[in-house]
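These protein sequence lines are chains B, C, G, R and F, in that order.
If you're matching positions, the first sequence starts at 1354 in the working numbering and goes up one per residue.
If you're matching positions, the second sequence starts at 1354 in the working numbering and goes up one per residue.
If you're matching positions, the third sequence starts at 1354 in the working numbering and goes up one per residue.
If you're matching positions, the fourth sequence starts at 1354 in the working numbering and goes up one per residue.
If you're matching positions, the fifth sequence starts at 1354 in the working numbering and goes up one per residue.
Below you'll find the structure, written out as structure tokens, and then a few comments.
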Amino acid sequence: MLINCVAYENGSKLADIPIAEISEYLKRPGCFVWVALKDATEGELAVMQAEFDLHPLAIEDAQHGHQRPKVEEYGDTLFAVVHTVEMSPADEIDVGELNIFVGNNFVLSVRNRSGQNLLAVRERSEREPQLLMHGPAFVFYALLDAVVDRYFPIIDALETELEAVEEKIFEPGASQANIRRLYDLKSDIGIVRHAVAPLIDAVHKLFSGRVPAVCENNREYFRDVFDHLLRMNGSLDSLRDTIGTAIQVNLAMVAIEESVVNKRLAAWAGIFAVISAFAGIWGMNFKLMPELEWKYGYPMALTTIAVVCVILYRQFKKSGWL
Amino acid sequence: MLINCVAYENGSKLADIPIAEISEYLKRPGCFVWVALKDATEGELAVMQAEFDLHPLAIEDAQHGHQRPKVEEYGDTLFAVVHTVEMSPADEIDVGELNIFVGNNFVLSVRNRSGQNLLAVRERSEREPQLLMHGPAFVFYALLDAVVDRYFPIIDALETELEAVEEKIFEPGASQANIRRLYDLKSDIGIVRHAVAPLIDAVHKLFSGRVPAVCENNREYFRDVFDHLLRMNGSLDSLRDTIGTAIQVNLAMVAIEESVVNKRLAAWAGIFAVISAFAGIWGMNFKLMPELEWKYGYPMALTTIAVVCVILYRQFKKSGWL
Amino acid sequence: MLINCVAYENGSKLADIPIAEISEYLKRPGCFVWVALKDATEGELAVMQAEFDLHPLAIEDAQHGHQRPKVEEYGDTLFAVVHTVEMSPADEIDVGELNIFVGNNFVLSVRNRSGQNLLAVRERSEREPQLLMHGPAFVFYALLDAVVDRYFPIIDALETELEAVEEKIFEPGASQANIRRLYDLKSDIGIVRHAVAPLIDAVHKLFSGRVPAVCENNREYFRDVFDHLLRMNGSLDSLRDTIGTAIQVNLAMVAIEESVVNKRLAAWAGIFAVISAFAGIWGMNFKLMPELEWKYGYPMALTTIAVVCVILYRQFKKSGWL
Amino acid sequence: MLINCVAYENGSKLADIPIAEISEYLKRPGCFVWVALKDATEGELAVMQAEFDLHPLAIEDAQHGHQRPKVEEYGDTLFAVVHTVEMSPADEIDVGELNIFVGNNFVLSVRNRSGQNLLAVRERSEREPQLLMHGPAFVFYALLDAVVDRYFPIIDALETELEAVEEKIFEPGASQANIRRLYDLKSDIGIVRHAVAPLIDAVHKLFSGRVPAVCENNREYFRDVFDHLLRMNGSLDSLRDTIGTAIQVNLAMVAIEESVVNKRLAAWAGIFAVISAFAGIWGMNFKLMPELEWKYGYPMALTTIAVVCVILYRQFKKSGWL
Amino acid sequence: MLINCVAYENGSKLADIPIAEISEYLKRPGCFVWVALKDATEGELAVMQAEFDLHPLAIEDAQHGHQRPKVEEYGDTLFAVVHTVEMSPADEIDVGELNIFVGNNFVLSVRNRSGQNLLAVRERSEREPQLLMHGPAFVFYALLDAVVDRYFPIIDALETELEAVEEKIFEPGASQANIRRLYDLKSDIGIVRHAVAPLIDAVHKLFSGRVPAVCENNREYFRDVFDHLLRMNGSLDSLRDTIGTAIQVNLAMVAIEESVVNKRLAAWAGIFAVISAFAGIWGMNFKLMPELEWKYGYPMALTTIAVVCVILYRQFKKSGWL
């Protein structure tokens, strides 16, 4: 689905143009065309391939989707794949894709399976002609930056969730729920990581070493995106590491809790075993058991049993078993 | 076993040729020969070595098999080893080998211990003369691509299996079955990984840095294969990592389940210990135990015992032990 | 908030100057200006941006804060972000930020969310004109060095805390407290690590390889900071590693303790089971149980039970269960 | 102990020569000398040092032994240390050392603490003069190749042992034996790894980058050895990884088995507790317990107890505790 | 404290010289001065700084101590920090420091907090004038070599201790002692590792790549030290890895032991529960319990109980629970 197709000159919008006239505008010096598609069909991509002379392998990738984030050079044209990440209403992480083709005088963005609106990027860019004058590379940066900045709230949400689990990590009885949440959290982190980690290397090539000609004059901007990605990656690494430790600690807590239960069980079992032993002995049927004949034999027996139980109880209390 | 031996010129098939005439066709400019062998015998390989002047070490590798995936240069000739991976009917992973020799005017593929048919590659190539015109390097790419693309369904199957285990990971009583499946899964992943990981470095050399002369004009195609391999490697890494966590979580679940059982055991043991204690006391043989003489002594005793048990039961229920 | 704004020439202070005159002093050869801000407002940063011609992306970073430590070149100007780390009165680790802009003839430091006073750096620098003559790069070094040196006492405190836990690691009953402290310790180490680790790479670029022109003559000083950072990083690595082992050992201790408890429980359960068994047997109501009629039947029974119990007790004692 | 000392020319054996004449043969162009020593004494090494002008540090290493595998250049001479690995009759892994000195016109091999016979290498080399013509570097390759190829059966034996353990990993009661075998296996792998891993880097330098002059024309042969080493290293990595998982799984199996035992224990304890409770109640000495007077009181009691026990038994069976 | 201060020429000792004359000797061509200090005071270091024109940052490091091992270039002068490691009488590892300054015509060694005597190095050097002729770099090597060689016995001691633990690792009841020893061992390994690991990189720079001018002619000697360090590092890695596995195995052994105890407990509990159940039933007070009236009722009861117990005992024995 075509979202818009606009020609720009010297940083300001010339006109919304029909697709058929793209090639005409491409010939005008100092002019560039910015086309945005959404969930593009095979036919739409074929048209774009013809208009912008795109490499068949790149078009194939854009069509099939499910690529890893990357930036590839096909001659003078850059082909970038970036994952869009958003929280679904059901609190699950949805991953979509933004494919960006950048040439000397055009930008083509193809957004697939993503609810993220990129119109704001276009509006902001059009409001800042001094920046838009940098040409397609700046548009490329602006798109990248917009997508990458939307990773931050996701990562914040994951950190908040981890903190919520951490608060309950030493709480008795919460182990099973904790471990479930940690497991889910780890898989969410994996998803975001797959969006972030491959992009780091890809963006690094846009400002360091042999930089693609089209990005030459915007290195500092791509370094800024790179820096954001590094920061996110650091956060994700910390999260992973903390989750690993938290699972381990949780396991220790289960063991500790169980050992507490075992001790308590042992203590009570001991106390009742003593009662049963006394009762058993005085329940024996020997003819001659003098204490059974005593007047106060029974109260004495109960008292004896009670005293022993209290002593045991105190001992166990003292040694922390009860 | 010879499968076919065909000469191509300008991207289209010249003729099926007998092995004996290979050397003749090799002399024709713009012409190349593509030979496919299956489970080649020592004799067949010796003939090929003579025809194409192959290095003895490479021939030795092709003959012995069980090589790790690699791409080696012997002078102008490339020697590649790729693992074919397929799911056997018994749901086990079978690994075969495809050895590819690529020269300036020939491609020789030797497929060993593999049921994978590569005829489709030849057919597709012959249908696209504009691509086949790129010569042996394109054939090499097409073979690589065909073998590597068949890793995807295997990896998908492993992911599906992992998801099936994950659904049961918090299910009580499933631990033993889960851990067995996770262990098998991990070893399957190891097998695929051995096909994928070494190939990444090998293919990287075909489009980056000092590229072998024969591949010079097909860099983008090899980069595409490389990209697929990276994607698979990412998936395999995720799988490994998730399995590691799943085993750990499984262990925690076993501990948690056991702690639940222990608490329940402790609670019931407590309740019955109380019954036994009371019964023991009233079973003692003291002469003077007034309550034994009471008319309603027995019902009173039963009631007392029942009341204490109910109180205990509620307490245990409340604290989550029962 | 402006802290001070001073012009220096040949290593000694010229004068405290008003912000409006900065640009004048910047024109004087051999003169440089050193401005210190604290929790700078947007407005203050905008003035500085205009005075020193700073890059908008760097200003944005300084304003938003929460950057990872880094050193970036924007043309001739360096922009550095360093974390300040201090122990709060509640024994928690507070992280602030020091943003430093270094040009050929100016240093601008912006300290955010940090209670650390850097006046001492200025005083020491002013006392050593032979060093201050090195210009802005030396000031940059002095600031870096001051911030980094304050990491040492924090790391020492963490090491002391770990040693305190280690002393209790084999102490029975301390597992839960230990594991909690280890978990907190690990997260503290994470915080310091985030200040140290990214800075290592950043500082490395200030003395090795293509060194920014402004730092050219102070390489040895930056190498000294680098060396301190490496040392800290080594300590943090050791701490992490030791904590990992300590958690593992703690888990083992819980298991060992529990196994001790279990054995003791089993031993006592065994002894009481024997008493109950004897008492049960002699409590049976068979008509003909000759020993029940014996004169010394009862004492004999008690003695038998006692002897068996003592034997069992000794056996258990000997085998270490009691 | 001198094993042999032979001069070669143009790929074929000239003569067995006495040590004293070595220096003479070294002067003949196109001629090289190949000396093999076994468990050489200090004196023998001193003679060799003089004959071939070897570096004292290399001689020292050869004498002391216990070096890590390595290839070092001393001027034009290469000094290589390779570990020989063989299975002792007691199924333990014995490690010996082969020290090889390679110059432009000599090879000196010193084999220490190793039962491996290298005569076969010499015989095979002498049978293939076209290869032996490559000179000392080819002999060096042949020795390396012979030693490295003998690692394969050792690694196979380790893999077989691991598979044997894996078959028993889910077998109840085998945990202790399994873990012992896994532990031993891991230490065996460590030994082989110490032979293989350092050699990878060392051999890499013999065919890639700045190759020592003496190896210049045999690069493909050293790459072949390198490739074998990589393959072994991959196998060893898999083994290590699998052992790690197997130990973890074994631990889980112990926990699962114990939890099965605990449940069974709990179930039987419950059943017997019920019997005791009933018997206890009907064993009380209340005067008025009507059911005790009934004619069929006793059979009724036994039936009641039996029925309750059967119900419990079925419940436990159903819930998988028994 | 000054230990000695000697001038050398052409590899042999000229004279013990007073500190004040150092500068004179430094002017003589072909002459170099070797000064050894121990636990140097600030004043002594200041004198040395003046005599040899040392960099203030290096002096500061030497004074403060607690540096990580490193080799730094300050202009033409090298500054090296090496850790001395020795076993204290209480079997603890003591770490000291050796600071070495190496110039074109001087060596200054400052030994701090170390009982290691380096006089032997001087004596050996003076006995071998042909080596001492290599100048300060050779002295530097000799000092490095002496310190590094003393790491070997420490590492051997650690390996011996690990083997001692390994022998007890499958011994029942030794878990707690084992885990304590493993924990201590791991921390000892950490200490030695901190001496070895950073030195590897540092020494690597002395023979590979851009070698400091002063070491130019002694590369092979530094490579020898490097090789020793690599070997030690390999040993330390193995130790670490083995300790990790040993702790894991120990944990498994605790679990296995406990499961053995639990089974035994369950078996005995079962046997006694059977006795109690029978005794309980025959202890009930029903009027009509025919077997109670039998003449041989009691012996029959005892026999029944005994038979059941023996059967159970055999069953448990057979299934390995007892």
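We treat Cβ as the ideally placed atom computed from N, Cα and C, and that holds for glycine.
Since this is a predicted model, take the numbers as computed values, not measurements.
Check                                                                                                                         : Outcome
Under 8 Å by beta carbon: chain F residues contacting Ser1588/R                                                               : Under the 8 Å cutoff, chain F gives no residues; its nearest Cβ is about 18 Å from Ser1588/R.
For Gly1418/C and Ser1376/C, the rounded distance between their alpha carbons                                                 : 26 Å
Gly1526/F versus Glu1610/F, Asp1537/F, Glu1569/F, Arg1503/F, residue with shortest Cα-Cα distance                             : Glu1610/F
DSSP-derived helix/strand/coil call for Gly1562/R                                                                             : coil
Expected contact under 8 Å - CB spacing of Gln1420/C and Asp1414/C to nearest Å                                               : 5 Å
Residue span of the alpha helix (DSSP H) that contains Thr1656/G, given as start and end                                      : 1650-1671
Reduced DSSP category for Ala1373/R - H, G, I as helix; E, B as strand; rest coil                                             : helix
Own chain residues within Cβ distance below 7 Å of Pro1422/C, not counting five before or after                               : Val1434, Val1435, His1436, Ala1548, Pro1551, Leu1552, Ala1555
For Ala1622/G and Ala1654/G, the rounded distance between their alpha carbons                                                 : 20 Å
Distance CB(Gly1636/F)-CB(Gly1633/G) smaller than 8 Å                                                                         : yes
Enclosing beta strand (DSSP E) for Leu1355/G [first to last residue]                                                          : 1355-1362
From Ala1659/F, Asn1586/F, Ile1356/F, Phe1560/F, residue whose alpha carbon lies closest to that of Ala1473/F                 : Ile1356/F
Where the beta strand (DSSP E) containing Leu1461/B begins and where it ends                                                  : 1459-1465
Sheet register partners of Gly1468/B (DSSP bridge)                                                                            : According to DSSP, Gly1468/B bridges with nothing at all.
Per-residue DSSP class, three states only, for Lys1640/R                                                                      : coil
Proximity to Asp1511/R [Cα-Cα], best of Ala1490/R, Leu1461/R, Arg1593/R, Cys1358/R                                            : Per the sequence shown, residue 1511/R should be read as Leu rather than Asp. Closest by alpha carbon: Arg1593/R.
DSSP three-state assignment for Trp1647/F, whether helix, strand or coil                                                      : coil
Whole-number beta carbon distance between Ala1630/G and Phe1639/F, since they are thought to touch under 8 Å                  : About 22 Å; that fails the 8 Å criterion.
DSSP bridge partner residues for Tyr1427/F (one or two, in chain order)                                                       : Thr1430/F
Per-residue DSSP class, three states only, for Glu1450/B                                                                      : strand
Residues within the stretch 1514-1530 of chain F neighbouring chain R, beta-carbon criterion of under 9 Å                     : Glu1519, Ile1522, Phe1523
Inside the stretch 1585-1610 of chain C only - alpha helix (DSSP H) runs reaching at least 4 residues                         : none
Any chain B beta carbon closer than 8 Å to Glu1573/C                                                                          : yes
Within-8 Å CB hit, Ile1532/R to chain F                                                                                       : yes
Segment contact, 8 Å Cβ cut-off, at least three pairs: the stretch 1493-1505 of chain G with the stretch 1560-1574 of chain B : no
Thr1456/B versus Leu1471/C - alpha carbon distance                                                                            : Going by the sequence as given, residue 1456/B is Gly instead of Thr. Roughly 37 Å between the two C-alpha positions.
Chain B within 8 Å of Leu1604/C, Cβ atoms only                                                                                : yes
For Leu1298/F, three-class secondary structure by DSSP                                                                        : For residue 1298/F there is no data in the structure shown, the boundaries of chain F being 1354 and 1675.
Contact list for Ala1680/C against chain R, beta-carbon separation under 8 Å                                                  : Shown here, chain C extends from 1354 to 1675; a query on residue 1680/C therefore has no answer.
Contact set for Glu1425/F: own chain, Cβ-Cβ below 6 Å, skip 5 residues either direction                                       : Phe1432
Residues that DSSP places opposite His1581/G in a beta bridge                                                                 : Its beta-bridge partners do not exist; DSSP assigns none.
Within 8 Å, strictly: CB atoms of Tyr1361/F and Ile1370/F                                                                     : no
Contact under 8 Å by Cβ, Asn1363/C with His1487/C                                                                             : no
Closer than 8 Å to chain F by CB, Arg1503/G                                                                                   : no
Under 8 Å by beta carbon: chain B residues contacting Ala1630/C                                                               : Phe1625, Ile1628, Ser1629, Ala1632
Residue interval of the alpha helix (DSSP H) (run including Leu1407/B)                                                        : Segment: none, Leu1407/B is in no alpha helix (DSSP H) and carries neither H nor E.
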